[in-house]
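Protein chains: 2
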Amino acid sequence: MTDKLSTSDAFSKDFKLSRYIPTPPSTPPDLAQWTQVAELKQQTREKNLSKYQSWRLDQIPSEDVLDVSQLVLSKLSERERAIVHLDATAITAAIREREYTAVEVLIAFCKVTVAAQDTTNCITEIFFEEGLARARELDEHLQRTGEVVGPLHGLPVSIKDHILVKGQDTSTGYITWANETVAEKDAVVVDILRKAGAVLYVKTANPQTLLCLETNNNVFGRTVNPFNRNLSPGGSSGGEGALISSHGSPMGVGTDIGGSIRVPAAWSGLYGFKPSVARMPHAGLLGSHDGMDNIVGVVGPLATSARDLELFCRTMLQYEAWLLEHAVLEIPWRAEVVEGKTLPKRLSFAILWDDGVVKPHPPLVREMQRAKKALLAAGHEVIDWQPLEHKEAWDLIVKLYLLDGGQEYRDTLKMSGEPAVPGTEWILSHAAGRPAYTVPETWKLNLERESFRARALAHWNSTVSRTSTGRPVDGIICPTAATLAIPHDQTRWWGYSSHWNLLDLPGVVFPSGGRLNPGEFQPVERVEPRNALEKEVWSLWNPETFKGAPINLQLIGRRHNEEKVLAMLNIVEKAMKA
Amino acid sequence: MTDKLSTSDAFSKDFKLSRYIPTPPSTPPDLAQWTQVAELKQQTREKNLSKYQSWRLDQIPSEDVLDVSQLVLSKLSERERAIVHLDATAITAAIREREYTAVEVLIAFCKVTVAAQDTTNCITEIFFEEGLARARELDEHLQRTGEVVGPLHGLPVSIKDHILVKGQDTSTGYITWANETVAEKDAVVVDILRKAGAVLYVKTANPQTLLCLETNNNVFGRTVNPFNRNLSPGGSSGGEGALISSHGSPMGVGTDIGGSIRVPAAWSGLYGFKPSVARMPHAGLLGSHDGMDNIVGVVGPLATSARDLELFCRTMLQYEAWLLEHAVLEIPWRAEVVEGKTLPKRLSFAILWDDGVVKPHPPLVREMQRAKKALLAAGHEVIDWQPLEHKEAWDLIVKLYLLDGGQEYRDTLKMSGEPAVPGTEWILSHAAGRPAYTVPETWKLNLERESFRARALAHWNSTVSRTSTGRPVDGIICPTAATLAIPHDQTRWWGYSSHWNLLDLPGVVFPSGGRLNPGEFQPVERVEPRNALEKEVWSLWNPETFKGAPINLQLIGRRHNEEKVLAMLNIVEKAMKA
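Which chain is which? The protein sequence lines are A and B, in order.
Quick note: the first sequence uses full-length UniProt numbering, first residue 1, plus one each step.
Quick note: the second sequence uses full-length UniProt numbering, first residue 1, plus one each step.
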C-alpha cells in the first residue's frame with residue numbers, strides 16, 4: 001500500500017475563481033499584439049527544446065513526409081527503443097525490478113518527445129529538468145529503501161495543457177491566457193499522479209476553446225498525426241494523441257466532454273477511456289464555462305494498452321480521490337470485476353453499424369464486421385444496436401455546450417484580439433445569432449436531457465427481449481467517429497462520441513485494425529447520402545486520403561460500470577486477436 | 001428475492017414536460033375563483049372522509065385542546081392500537097408470519113388517519129378503497145402461495161403530495177394545480193414501493209412552493225402538530241410528520257432540499273433520513289423549478305424506528321433503482337455496513353453546539369450534552385465541531401433556490417390569483433427586487449458552491465489532527481433546527497438543516513429526548529443575541545410555548561455513506577438508551 005494523501009488537502013476552486021474568469025477588455029485590442037504573444041510563447045518553447053539539441057532529429061523532415069512515426073525514434077539507442085515500446089504497466093514493473101532506472105526511462109521518452117514536437121507540434125510546456133530531478137529522487141528512494149513510493153513509481157506521464165500543473169503555464173489554447181496562467185497548485189489528478197510516483201515532464205496541446213475534435217490554436221499552431229501529417233491526431237486531447245502514438249509518452253491524461261479523449265485515441269491508434277462523470281477526479285482544470293454543470297466533462301487516460309487504462313483508474317481511486325474532491329463518487333475501484341471474475345461466461349454485444357445520420361466510412365464498417373465474426377467465434381452473442389436519435393441528441397448537447405450563446409468564448413478571444421480558428425468558427429456557428437438562454441430555459445433543456453436519458457435507459461433495458469442471455473446487452477461496439485483520422489478542419493459530426501457524453505456512459509477506445517492500407521478499399525465506394533452532413537462526410541472518402549490512419553473501435557458500457565467495460569474490452573481483444 | 005421491475009420501465013419525464021410547466025395566464029385572474037378551487041378541493045376530501053364516518057372522532061376537539069396525540073387513537077380496538085404502535089419492520093414481519101392480515105393493518109392505520117386529519121389537517125388525497133383492494137389481493141397471494149410479494153408486503157405507506165401516484169391529483173399546495181394534475185404514472189419511488197408489496201392509501205400535505213420548513217397552503221390550509229397544535233409539525237413533508245406521529249402511517253415518503261424530511265421528523269418526534277443526492281430514486285416529482293440542478297433535493301423516508309429507515313433504503317436499491325432512473329447512482333445497498341461489521345469499535349463524534357449564527361434553544365443544548373455524556377460513557381470520543389460559515393452557506397443556497405428571482409413561484413400563484421402564504425413571502429423576500437440571474441452568473445454561483453464544498457471537505461478531513469482515532473471524525477451530532485417545533489409562521493433560520501444539503505451530506509434525525517416538559521427549563525433563559533436573527537429566534541424561547549414538543553437530534557455523515565450513518569445511529573441510540 002501507498003501513503004494516503006494528506007486528508008486536509010482537498011482542492012479548492014478559489015484560485016480559479018479569482019483569476020480565470022475573463023472579463024472583456026474595455027479598450028479595443030491591438031491586433032498586432034496577439035501574434036507577438038504567440039511568437040513569444042513559441043520562442044520560449046523552442047528555447048527550452050534547444051537545450052536538448054543532441055536529442056533532436058538531424059534533419060526536420062519536409063512537409064511532404066507524411067509518416068513520421070518511425071523517424072521520431074531515430075535518435076534512440078536499442079535499449080531506449082525497447083523502453084519506449086513498453087506500456088506503462090511494464091515500465092513500472094521494470095523500474096520496480098530495477099531493470100531500468102526512472103532516469104533512463106524518462107530520458108528515452110524525452111528524446112522522442114523532442115522529435116515528436118519537431119514533427120507533429122504536439123507539446124506546450126516542457127519541464128524535463130524538473131522531471132529528471134524527480135526521477136533521480138525516485139531512483140535514490142528505491143535504492144535506499146527497496147520500496148517504490150507508489151504504483152506509478154518512475155512512470156513518465158504527459159498532461160493535457162488545460163490541466164493545472166503547479167508552476168506551469170496553462171494557456172489552454174487561448175492567447176489571452178498565455179503566460180498569465182501559471183498554476184499555483186496541481187489539479188487533483190496531477191496531485192495523485194505525483195504521490196503515486198509518476199514523473200511529470202511535459203504538457204500537451206489542446207485546441208482553442210477545447211470544444212473541438214481536432215487540435216489547433218493560435219498560441220502554438222496545429223498538431224498533426226504522426227502516421228499521416230495531412231491528418232489530425234484528433235482533439236481536444238490531440239497533443240496526447242500525437243505524443244503517445246509517437247512513443248514520446250507511455251501514458252497521458254486527457255479530458256472528454258464530447259469525444260476529446262476517445263477521438264484522439266481512435267485517430268492516433270491508442271487506448272483511451274472516458275469514465276462516467278465523477279468517477280475520476282476532475283477539479284483543477286482551466287477552461288471556459290467553469291462552473292457550468294448542465295453537461296460535464298471527465299478526466300481519463302490515453303495509453304498504449306488496455307491494462308494501462310486500469311492502472312490509471314485503480315491508482316486514482318486507491319488514493320481515495322473522494323477525500324480530495326467533493327464531486328468524486330465514493331465507489332472504490334473493483335479490480336475483481338476488471339479481472340472478469342463477475343463477468344458472465346457468454347456476453348451479449350450490440351453493434352451500432354450506423355447511427356442513422358452519417359454512415360461510418362468503409363474501414364470502420366469492415367472492422368465492426370471483423371469484431372462481430374470474432375465475438376461469435378468466441379461464443380458470444382452479437383445483435384444489432386438500434387440507434388437512438390443521434391441527431392436529436394447532438395442538437396440537444398450542442399445547446400448545452402453553448403448555453404450562453406458562445407459569449408464567453410467570443411469574449412475570451414476578444415480580450416487578445418486573436419481570431420477564431422476554423423474549429424471554433426464551426427462550433428460557434430451552432431449558436432449563431434442566438435442570445436444566451438435564460439435560467440428557466442436552461443431548466444427546460446435539463447429536462448430534455450433527463451428525458452432523453454430516461455428514453456435511452458429504457459432503450460438499453462429493452463434489448464433484453466432480443467438477447468438470449470436473459471439480460472439486456474452487456475456492451476455496445478461502435479466507431480468513435482464516422483471517419484478515421486480526418487484531414488484538417490473537416491470534422492463535422494460528433495454523433496458517435498458526444499452521444500455517450502449526453503448519456504454519461506463509460507466508453508473505451510481501442511486499436512484493433514492496425515493502420516489503413518488504401519489498396520484494400522475501393523476509392524469509388526459511396527453511399528447515397530441521406531442528408532447534407534452525410535454527403536459532406538462521405539465526400540472525404542478516398543482510401544488514399546486516409547493512408548496510414550489507425551483503425552480503432554469503441555466499446556460502450558452502462559453508467560458507473562467502468563470496471564465491467566474494461567473487463568469486456570479484454571474479452572473483445574482476446575477474441576479479435578484469436 | 002423479489003421480482004425485478006420490468007427493465008424497460010425506466011421513468012420518462014415527458015409527462016411532466018408537457019403538462020406541468022406553468023405559463024402565466026394572459027387575463028387577470030378572478031380573485032374569487034381561487035377560494036372556490038380550495039373549497040371544492042376540501043369538500044372532495046371531506047366527502048371522501050365522510051364515507052368512514054364511524055372511524056371519525058365522536059367529537060372534534062376544540063382549538064384549545066393542544067395535545068391530540070392520544071385522542072386520535074380513541075376509536076381503535078386494543079388489537080388495532082397494538083398494530084399502529086408497531087414499526088414498519090415489525091408490521092411486515094407480523095404479516096409475513098400471518099399474525100395480522102394486510103387488510104386489518106390497513107384499516108387500523110386508516111382509522112387513525114381519519115382522526116389525524118380531523119385534528120391536524122395533514123392529508124390531501126384519500127384512496128382507502130384502492131388500498132384495501134390491494135391489501136386483500138396481498139392477503140390472498142400470501143394465503144395461496146405462502147410467499148410475500150416483496151419486503152414491504154402489506155405495509156401501508158403514506159406519500160407526500162408532490163410525489164406522483166398514478167390516478168391521484170398532485171396539487172402540491174398550488175391552487176392552479178389542484179384537480180389539474182392527476183398523475184398518469186407513478187414516481188419511481190412509488191413504483192418500487194408497489195412492487196415491494198407496500199399498500200398506498202393516502203397522500204399528505206406539503207406547503208405552497210415546497211420551499212418552507214412548515215406546512216401551509218391555500219388548497220388545504222395549515223397542518224398542525226399533534227403534540228401541540230399551536231406548533232408546526234415542520235415542513236415541507238409536514239403532512240407526513242403529523243400523520244406518522246399520530247400513528248396514522250408507519251412509514252412515509254418525503255423529500256428534502258433544505259430540511260424538508262429532517263425538520264418534520266425532528267418536530268414530530270420521528271426518524272427521518274436525507275440520503276446523499278441520487279442514492280435513492282427521485283424521478284416523478286411535481287414541483288416548481290423542474291429541471292433546476294444547481295441544488296438538488298432527495299427522496300427519503302420518515303418512520304418510527306431507525307431500522308425502518310434502512311428497510312426503505314434497502315428496498316429501493318434491491319429493485320436496482322438505477323435501471324429505472326438514469327440519475328440514481330449504481331451503489332448497491334451495503335447491509336453489512338449498517339450492521340456495524342465494518343465500523344471501528346471506537347468512534348469519534350463531533351458535536352455542533354452552536355452554528356455561530358443562532359444558538360440552539362436550551363432543550364437542544366441539554367440533549368447534546370446528554371448525547372456527549374452517553375457516548376463518552378460508551379467508550380467513544382466526542383470533540384467539538386467548529387462550525388463552517390453557516391451564514392455564508394445560507395446566503396449561497398438561498399441564491400441557488402431562487403436563481404430566477406422567484407419568478408416561477410410568483411407566476412404559478414398569479415395563474416390562480418391565490419396569495420402567497422407567510423412562508424412563501426418570507427422565502428421570496430430573499431430575492432426581492434433582484435432579477436433572475438444570467439446563465440454565466442449561475443456558473444459563478446456553482447463555482448462558489450464547489451468552492452464551499454471543497455473547503456468543507458478539507459475542514460472535515462482536518463479533524464484528524466484533533467481525534468485520537470487516527471481518522472477524521474466519523475459523524476457530526478447537531479440539532480435539526482435552532483428550536484423545537486415552532487409556533488406557526490415563525491421559522492427564520494434553516495442553517496442547521498440546509499447546510500447539509502449544500503454539502504450533500506447524508507443526515508438522519510432521531511427522537512432521543514422525549515417531549516418537552518416546561519417545568520424542567522427556566523423561562524427567562526436568554527442569550528445575548530449576536531445578530532437580529534438570533535434575537536428573533538430567541539424571543540420565541542419560553543418553555544411553555546414549546547410544551548410537549550419532541551426533542552430530536554441530527555447525525556451527519558460523509559457523502560455516499562448512508563449505511564455508515566445508519567450504523568452510527570444504532571451506536572448513538574444504544575449509548576443514549578443505556
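We put the CB at the ideal spot given by N, CA and C, even for glycine.
> Which chain A residues are close to Leu323 of chain B, counting only those with a beta carbon under 8 Å from its beta carbon?
Replying inline: What Leu323 of chain B touches in chain A: Leu457, Asn461.
>> Given this structure, state the Cα-to-Cα distance separating residue 640 of chain A from Val508 of chain A, to the nearest angstrom.
In response: An answer regarding residue 640 of chain A cannot be provided, because it is not within the stretch 1 to 578 covered by chain A.
>> If I measure Cβ to Cβ from Pro281 of chain B and keep anything under 7 Å in the same chain, skipping five residues before and after, which residues do I get?
In response: If we look at Pro281 of chain B and ignore the five residues flanking it on each side, its Cβ neighbours are Val188, Val189, Ile192, Val299, Met316, Ala321, Leu324, Glu325, Val328.
> For Ile60 of chain B, does the count of other Cβ atoms within 10 angstroms reach 16, so buried, or fall short, so exposed?
Replying inline: Around the C-beta of Ile60 of chain B, fewer than 16 other C-beta atoms lie within 10 Å, and the residue is accordingly described as exposed.
> For Leu388 of chain B, which residues from the same chain have a beta carbon less than 6 Å from its beta carbon, with the 5 sequence-adjacent residues on both sides left out?
Replying inline: Correct list, in chain order: Ala456, His459.
> Do the CB positions of Glu310 of chain A and Leu540 of chain A come within less than 8 Å of each other?
Replying inline: Taking C-beta atoms as the reference points, Glu310 of chain A and Leu540 of chain A fail to come closer than 8 Å.
> Hey, is Leu403 of chain B's beta-carbon within less than 8 Å of any beta-carbon in chain A?
Replying inline: Chain A places a beta carbon closer than 8 Å to that of Leu403 of chain B, counting this residue as a contact.
>> Report the CB separation of Ser512 of chain A from Asn552 of chain A in whole angstroms; it is logged as a contact under 8 Å.
In response: Sure, about 6 Å apart at Cβ, within 8 Å.
> Under the three-state reduction of DSSP, which class applies to Ile95 of chain B: helix, strand or coil?
Replying inline: Ile95 of chain B falls in the helix class under three-state DSSP.
> Pairing CB atoms from the region 249-257 of chain B with CB atoms from the region 156-173 of chain B, are three or more of them under 8 Å?
Replying inline: Contact holds between the region 249-257 of chain B and the region 156-173 of chain B, because three or more Cβ pairs, one in each stretch, are under 8 Å apart.
>> My assumption, with CB atoms under 8 Å, is that Trp267 of chain B sits in contact with Gly239 of chain B. Please give the rounded CB distance.
In response: Not confirmed; about 13 Å, so no contact.
>> Which residues does DSSP list as the beta-bridge partners of Asn552 of chain A?
In response: In DSSP, Asn552 of chain A forms a bridge with A:Pro511.
> Is the Cβ of Lys111 of chain A closer than 8 Å to any Cβ of chain B?
Replying inline: Between Lys111 of chain A and chain B, the shortest Cβ-Cβ separation is not below 8 Å.
> Quick one: which chain B residues come within Cβ less than 8 Å of Pro440 of chain A?
Replying inline: Within 8 Å of the CB of Pro440 of chain A, the CB atoms of chain B belong to Asp404, Gln407, Glu408, Ala436, in sequence order along the chain.
> What is the C-beta distance between Val72 of chain A and Val37 of chain A, in whole angstroms, given that I count them as a contact (C-beta under 8 Å)?
Replying inline: Going by Cβ atoms, the distance from Val72 of chain A to Val37 of chain A rounds to 29 Å, so no, they are not a contact pair.
> Considering only residues of the same chain and omitting the five flanking positions on each side of residue 607 of chain A, which have a CB-CB separation below 8 Å?
Replying inline: As displayed, chain A neither begins before 1 nor continues past 578, which places residue 607 of chain A out of reach and without an answer.
> Thinking C-beta only, is Leu516 of chain B closer than 8 Å to Gly548 of chain B?
Replying inline: For Gly548 of chain B and Leu516 of chain B, yes; Cβs fall inside 8 Å.
> Using DSSP with H/G/I as helix, E/B as strand and the rest coil, what is Glu408 of chain A?
Replying inline: In the structure shown, Glu408 of chain A falls within a helical segment according to DSSP collapsed to helix, strand and coil.
>> Once DSSP output is grouped into helix, strand and coil, what is the label at Ile295 of chain B?
In response: Taken through DSSP and simplified to helix, strand or coil, Ile295 of chain B comes out as coil.
>> From the DSSP secondary-structure annotation, give me the bridge partner or partners of Asp395 of chain A.
In response: Beta-bridge pairing links Asp395 of chain A to no other residue.
> Quick one: is Arg453 of chain A near chain B, going by C-beta distance under 8 Å?
Replying inline: Among the CB atoms of chain B, one or more fall inside 8 Å of the CB of Arg453 of chain A.
> Is Cys122 of chain B near Leu302 of chain B, with beta carbons less than 8 Å apart?
Replying inline: For the pair Cys122 of chain B and Leu302 of chain B, the CB atoms are not nearer than the 8 Å cut-off.
> Should Asn501 of chain A be flagged as near chain B, meaning a C-beta pair shorter than 8 Å?
Replying inline: No, Asn501 of chain A lies away from the interface with chain B (no Cβ there is under 8 Å from its Cβ).
> Count the other CB atoms within 10 Å of the CB of Gly519 of chain A; is the residue buried (16 or more) or exposed (fewer)?
Replying inline: Residue environment for Gly519 of chain A: exposed (fewer than 16 other C-beta atoms within 10 angstroms of its C-beta).
>> Can you pull out the residues from the region 268-299 of chain A whose beta carbon lies closer than 8 Å to at least one beta carbon of chain B?
In response: When C-beta distances to chain B are compared with 8 Å, the residues of the region 268-299 of chain A below that value are Ala283, His289, Asp290, Gly291, Met292, Asp293, Asn294, in chain order.
> DSSP beta-bridge partners for Met251 of chain B?
Replying inline: Beta-bridge pairing by DSSP links Met251 of chain B to B:Ala303.
> Using the beta-carbon count (16 or more within 10 Å), is Ala32 of chain B buried or exposed?
Replying inline: If you draw a 10 Å sphere on the C-beta of Ala32 of chain B, you find fewer than 16 other C-beta atoms in it, and that means exposed.
>> Quick check on Ile95 of chain A - is its C-beta less than 8 Å from some C-beta in chain B?
In response: No, Ile95 of chain A does not count as interfacial toward chain B.
> Taking all protein chains shown into account, do 16 or more other C-beta atoms lie within 10 angstroms of the C-beta of Arg62 of chain A, making it buried, or fewer, making it exposed?
Replying inline: At residue 62 of chain A the sequence reads Ser, which differs from the Arg that was named. Answer is exposed; the Cβ neighbour count stays below 16.
> Residue range of the beta strand (DSSP E) that Pro156 of chain A falls in?
Replying inline: It spans 156-160 - the beta strand (DSSP E) in which Pro156 of chain A sits, taken as one unbroken run.
> Leaving out five residues before and five after Asn230 of chain A in sequence, what residues of the same chain have Cβ atoms less than 7 Å from its Cβ?
Replying inline: Here the set comprises Leu66, Pro487.
> Could you give the distance in angstroms between the alpha-carbon of Glu80 of chain A and the alpha-carbon of Asn228 of chain A?
Replying inline: So the alpha carbons of these two residues sit roughly 24 Å apart.
> Where Leu352 of chain B and Leu555 of chain B are concerned, what is the direct C-alpha to C-alpha distance, given to the nearest angstrom?
Replying inline: Each residue's CA atom was taken as its position, placing Leu352 of chain B and Leu555 of chain B some 10 Å apart.
> So, is the C-beta of Lys75 of chain B closer than 8 Å to a C-beta in chain A?
Replying inline: So no, Lys75 of chain B is outside the interface.
> So is Asp395 of chain A buried or exposed if we call it buried at 16+ other beta carbons inside 10 Å?
Replying inline: Exposed, by the Cβ-count rule.
>> Strictly below 8 Å CB to CB, what residues from chain B border Glu381 of chain A?
In response: Within 8 Å Cβ-Cβ: nothing; Glu381 of chain A doesn't reach chain B, min ~17 Å.
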